[in-house]
Every structure is written in structure tokens, then in C-alpha cells.
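For reference, the structure is listed below as C-alpha cells.
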Amino acid sequence: MVRGKIGMERIENASSRQVTFSKRRNGLLKKAYELSVRCDAEVALIIFSQKGRLHEFSSSNSIFTVLVPILQHRGTVAIVTKILNSHTRKVLAIFLLGHNLGTCSMEELQNIGEQLERSLKNI
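Each residue of the sequence shown is one higher than the last, beginning at 1 in UniProt numbering.
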């Protein structure tokens with residue numbers, strides 16, 4: 001039995017779209033694993049769902065060990081490190097001071113969101 005061709009278009013039904021995403025994500029993760037094992041290749045795979053959930057695969061212990069050489073090759077590792085360190089310090093300060101986002105005003109939350117968006121665009 002031959003499967004029919006499926007057109008490359010957005011799936012309108014939300015539940016069908018989620019099921020398809022989950023199945024294809026799992027298939028893609030499996031293919032990345034197979035590629036790393038069979039070809040002894042360093043593989044890094046990053047997937048963000050529509051809701052912003054992160055799914056990742058790395059053939060080494062950390063995804064950063066695969067990504068750092070790429071970033072160094074392109075000369076962007078210093079920029080990314082600076083941005084990550086800045087955000088890490090801010091989050092750590094909030095955590096250590098015992099503050100959480102629930103105590104922030106709407107304006108503070110918007111400022112934090114804008115800072116994150118600017119940082120992501122810079123990356």
C-alpha cells in the first residue's frame with residue numbers, strides 16, 4: 001500500500017497539528033541520534049514548539065560542546081557569551097534576593113520581556 005503525498009501547508013486543526021508535531025519531532029530526534037551513532041558525527045538539534053517549549057538533542061554531553069565551535073568559527077561566541085552572562089546574572093540576582101516574577105509590576109514584566117526579545121534578536 002502506497003502512502004499519498006501530503007501538501008506542504010499548515011495544519012489548521014490544533015490537535016492534529018500537535019499530534020503531527022510530536023510524531024515528527026520524535027522521528028527527527030531519532031534520525032539525529034542514528035546519524036550521530038552510525039556516522040560518528042557531532043549532531044546538535046534544537047526544536048522550539050509553537051508554544052515555545054524547547055526540545056534538544058546533542059550527540060555529546062552538552063549541546064554547547066557542539067555549538068561553541070560553530071560560534072567561534074563565525075566569531076559570535078563573545079557576543080553570545082556576553083548576552084548569556086548578562087541574563088544569567090540578572091536571573092541569579094532575582095533568585096538570590098528571593099524575588100520572583102509574581103511580585104513584579106506589569107511594567108517591569110514588559111521591560112523584562114522586551115529585554116529578552118532584544119537579546120534573542122541579537123543572537
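Built from N, CA and C at the ideal position, the CB exists for glycine as well.
Taking C-alpha atoms, which residue in G7, T20, C39 lies nearest to Q50?
T20
Within 10 angstroms of its Cβ, does L45 collect 16 or more other Cβ (buried), or is it exposed?
buried
Classify S58 as helix, strand or coil using the three-state DSSP reduction.
strand
Mapping the DSSP letters down to three states, classify T14 as helix, strand or coil.
The sequence as given places Ala at residue 14; Thr does not occur at that position. Three-state DSSP puts A14 in a helix.
Counting only the same chain and skipping the five closest in sequence on each side, list residues whose C-beta sits under 6 Å from that of S59.
S36, E42, V43
According to the Cβ coordinates, are R24 and H55 closer than 8 Å?
no
For residue 126, which residues in the same chain have their Cβ closer than 8 Å to its Cβ, ignoring the five residues on either side in sequence?
Since the displayed the chain opens at 1 and closes at 123, residue 126 lies outside it and no answer follows.
Grab me the residues of D40's own chain with a C-beta within less than 8 Å of its C-beta, minus the 5 sequence neighbours each way, in chain order.
none
For A14, does the count of other Cβ atoms within 10 angstroms reach 16, so buried, or fall short, so exposed?
exposed
Relative to the alpha-carbon of L84, which residue among Q115, V2, M106 has its alpha-carbon at the smallest distance?
Q115
So what does DSSP say about A32, is it helix, strand or coil?
helix
What is the DSSP secondary structure of I63, counted as helix, strand or coil?
helix
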